[in-house]
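Chains as they are written, first to last, in this note's numbering: chain A, 1 to 322; chain B, 1001 to 1255.
Structure record follows, encoded as structure tokens.
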Amino acid sequence: MIKVEGLSKRYARHVAVDNISFEVEKGKIVGFLGPNGAGKTTTMRILTCFMPPSEGFAEVAGFNVMDAPMEVKRRIGYLPETPPLYPEMEVGEYLTFVGKLKGLSGTDLAKRAEEVAERCNVADVRNKLISKLSKGYRQRVGLAQAIIHNPEVLILDEPTSGLDPKQIIETRDLIKSLAGDHTIILSTHILPEVEQTCESVIIIANGKVVARDSVENLTSRLRGAETVAVEVEPRSGELDSGAVQAKLEQVSGVSRVVLKDSKTGRSYFEVESLQGRSVRAELARAVIESGWNLNELRGVNVSLEDIFLQLTSADQPSKGDA
Amino acid sequence: MNNILAIIQREMNSYFRSPIAYGLMAFFGLITGWFFYVAVAFFMQASMRSAMQGGGGPMSVNEYVIRPMLMNVSVIGLFIIPMITMRLFAEEKRSGTIELLLTSPITDIQIILAKWISALLMYCAVLALPLINILVLFAFGKPDWKPMLIGILGLVLQGGALLAIGTFISNTTKNQIVAGVSTFAICLLLWVLDWVSSFESAAWAKVVSYMSVVAHFEPFSKGVVDTKDAIFYLSLIFLGLFLTARSMESLRWRS
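Have a look at this one:
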């Protein structure tokens, strides 16, 4: 449904997208994961014919974005990072306006405007001014305008950014319910979001695709190695952090121990395990047997930055400006 | 076509749902009303005097009221044009709605035409106010309506040309104030350019004064359609819209 080959976008001073290639099959939800400034928005803007690529080739539903932009635009629904809303319009009026822009007319237009308002749960604010809507409603109106012409492909740029947790869940469910009819690409910098909504994921950093896999494969690959936070306290007297660190490092399966903080006699470490090894029980035993108190032992969530470090450091030195 | 109409409808809505339209109309109505009052009062005094002295035929309303009125409207028009065009693209760029337009199945040319036509319609709505004054004259006298219509045509052409330039300037920035001030500066410059013709007759001065928009309006105000003036305005419209299209293209490549 979507085919991208050797796509690049260069500006005068920097390269936003650097020779990326990927394909998305019909009816799939694909997550576009990357930190801010990685080139997600640029790629999406090229796919939606907002801007032309400097190099390479992108095809949506069999039409090239450079040669047949009108055909591509007819088949794409796009929700930019800030929903493109006119504050002085009413919701219903706005949806009708977008429908007309997308080429709908007459009863078809009225029917679709009704349908998408119901589907995106904005029917109850149909007669409200957009400027009076809450952020969550605005996002849903944005989604409604993206699907009004029933496009084959939906491109959503950070659809959940700035929403509260309840709204995020609602939006995710809505997006999931849209899959099947539509092929969806959504960008995000939140890992759980990809896990919960997408079938496969493309990770992009510094304008390059650094990983492309199904969500299951990727998460197991990332979650294989765990990071454990350990807080140690002496039973009496002073605690020698160096000794604790040395002891923790000796535990089998541990790849790295970092002293994070040390105050009022307590020391706080982060212990990373090797791929596929669970080390918590061993760590606890090691601390107790050495005569220290174990105040805390908990798994630390792998943050996106860590994932990026892991993914990018494998084939290239990670850059600070990611 | 349908989508052009949709954009025009939205633009008109946005003018009339904000204070812009009403502010402009009030300002314009007030100031042209004052001019009208002054012109009519002067006309009455002059015609009374000429009747008492018994000399000459009846004075022409067209010459003494309508024509100065149209000239004044054309000059004050220069001041309202920036206020009409400044938000056209600047606001869409600032709020991000430009992304909706540029990713919809509609060409850049269609977007630009829709925007320019909306601005022109808004300008015509503002022009309608002094026309009410002029229509009052028909109740009391028999002004010649043909030169008046030609004068109005001239106003619309002149407005269209400056609006096209304003549309272009609005496309180059996301700041409405910047767009408004630059458009105002250009309108003002295009007005005063022909002053040079009063003291200089070299070739460069002729070229410079030819570029003055108000000078080209004068024949229209007298009821004369000169092809060269009409062509001047039409080519200015074309230039403005063409530059807007180029600017839009550059926006796509750069942004």
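Cβ coordinates follow ideal geometry from the N, Cα and C atoms, glycine included.
Closer than 9 angstroms to chain A by CB, residue i
| i | result |
| --- | --- |
| B/W1145 | no |
| B/W1253 | yes |
Residues bridged to residue i [DSSP beta-bridge criterion]
| i | result |
| --- | --- |
| A/R256 | A/E272 |
| A/P84 | Paired residue(s): none; A/P84 is not in a bridge. |
| A/D213 | A/V201 |
| A/N64 | A/E59 |
| A/T267 | Sequence inspection shows Ser at residue 267 of chain A; the Thr mentioned does not correspond to that position. According to DSSP, which records beta bridges pairwise, A/S267 is partnered with A/V232 and A/S262. |
| A/M90 | The residue you asked about is not Met; residue 90 of chain A is Glu in the sequence shown. A/L129, per the DSSP bridge assignment. |
| B/K1142 | Per DSSP, none; premise fails for B/K1142. |
| A/K247 | Its beta-bridge partners do not exist; DSSP assigns none. |
| A/K208 | A/A205 |
Cutoff 9 angstroms: residue i Cβ touching any chain B Cβ
| i | result |
| --- | --- |
| A/C49 | yes |
| A/T82 | yes |
| A/F32 | no |
| A/P192 | no |
| A/P317 | Reliability of the predicted coordinates at A/P317 is poor, the pLDDT of 43 falling under 50, and the value obtained from them is presented with this limitation in mind. Taking Cβ atoms only, chain B never reaches closer than 9 angstroms to A/P317, which makes this a no. |
| A/M70 | yes |
| A/E337 | The displayed coordinates of chain A run from 1 to 322. Any statement about residue 337 of chain A would go beyond what the structure contains. |
| A/L85 | yes |
| A/Q145 | yes |
| A/I76 | yes |
| A/Y137 | no |
| A/R45 | yes |
| A/Y11 | yes |
| A/K73 | yes |
| A/D321 | Its pLDDT being 40, under 50, A/D321 is placed unreliably by the model, and the measurement read from it follows with that caveat. Not one chain B Cβ lies under 9 angstroms of A/D321. |
Start-to-end residues for the beta strand (DSSP E) that takes in residue i
| i | result |
| --- | --- |
| A/G56 | E55 to V60 |
| A/T19 | It should be noted that the sequence gives Asn, not Thr, for residue 19 of chain A. Its beta strand (DSSP E) spans residues V15 to V24. |
| B/E1063 | Premise fails: B/E1063 is in no beta strand (DSSP E) and is neither H nor E. |
| A/F32 | I29 to L33 |
| A/L294 | W292 to V300 |
| A/L154 | V153 to D157 |
| A/E231 | T227 to P234 |
Residue range of the unbroken alpha helix (DSSP H) whose run includes residue i
| i | result |
| --- | --- |
| B/T1183 | Q1176 to V1192 |
| A/K9 | Premise fails: A/K9 lies in the beta strand (DSSP E), I2 to R10, not in any alpha helix (DSSP H). |
| A/I147 | K135 to I147 |
| A/D124 | Looking at the DSSP string, A/D124 is not in any alpha helix (DSSP H), and its letter there is neither H nor E. |
| A/L79 | Note, A/L79: premise wrong, no alpha helix (DSSP H); beta strand (DSSP E) at I76 to L79. |
| A/T188 | Unbroken run through A/T188 is the beta strand (DSSP E), T183 to T188; no alpha helix (DSSP H). |
| B/E1099 | I1098 to L1102 |
| A/C49 | Counting along the chain, A/C49 falls outside any alpha helix (DSSP H), and DSSP gives it neither H nor E. |
| B/N1002 | N1002 to F1016 |
| A/K166 | P165 to L178 |
| B/F1027 | P1019 to Q1053 |
| A/T160 | Unbroken run through A/T160: none, as it is neither H nor E. |
| B/S1198 | Neither: B/S1198 is in no alpha helix (DSSP H) and is coded neither H nor E. |
| B/S1095 | R1087 to S1095 |
| B/R1252 | T1227 to R1254 |
| A/L109 | G106 to R119 |
| A/E282 | R280 to E289 |
| B/E1218 | V1213 to S1221 |
Rounded distance between the beta-carbons of residue j and residue i, thought under 8 angstroms
| i | j | result |
| --- | --- | --- |
| A/T82 | B/G1096 | 4 angstroms |
| B/W1253 | A/M51 | 7 angstroms |
| A/I46 | A/T183 | Contact flag wrong, Cβ pair sits at about 16 angstroms. |
| A/G31 | A/V194 | 4 angstroms |
| B/M1059 | B/F1035 | At roughly 18 angstroms, the Cβ-Cβ gap does not stay under 8 angstroms, so B/M1059 and B/F1035 are not in contact. |
| B/K1174 | B/K1093 | 4 angstroms |
| B/A1021 | B/A1090 | Not confirmed; about 17 angstroms, so no contact. |
| A/L174 | A/L143 | 7 angstroms |
| A/I76 | A/T197 | At roughly 19 angstroms, the Cβ-Cβ gap does not stay under 8 angstroms, so A/I76 and A/T197 are not in contact. |
| B/D1108 | B/M1248 | 5 angstroms |
> Taking any Cβ of chain A, which residues in the stretch 1092 to 1113 of chain B have a Cβ under 7 angstroms from it, in chain order?
Replying inline: Hits within the stretch, in order: G1096, T1097, E1099, L1100, L1102, T1103, S1104, P1105 and I1106.
>> Which residues of the stretch 1002 to 1031 of chain B have a Cβ closer than 8 angstroms to any Cβ of chain A? Give them in chain order.
In response: Those residues of the stretch 1002 to 1031 of chain B placed with their C-beta closer than 8 angstroms to a C-beta in chain A are N1002, N1003, L1005, A1006, I1007, Q1009, R1010, N1013, S1014, R1017 and S1018, ordered along the chain.
> Of the residues that make up the stretch 51 to 62 of chain A, which ones have a beta carbon closer than 8 angstroms to any beta carbon in chain B?
Replying inline: So the list reads M51 and P52, given in the order they occur along the chain.
> Taking Cβ-Cβ distances below 9 angstroms as the criterion, which residues of the stretch 167 to 182 of chain A are in contact with chain B?
Replying inline: Flagged: no residues at all.
>> If the cut-off is 8 angstroms on Cβ atoms, which residues from the stretch 95 to 113 of chain A count as contacting chain B, listed in chain order?
In response: Answer in chain order: F97, V98, K100, L101, K102, G103 and S105.
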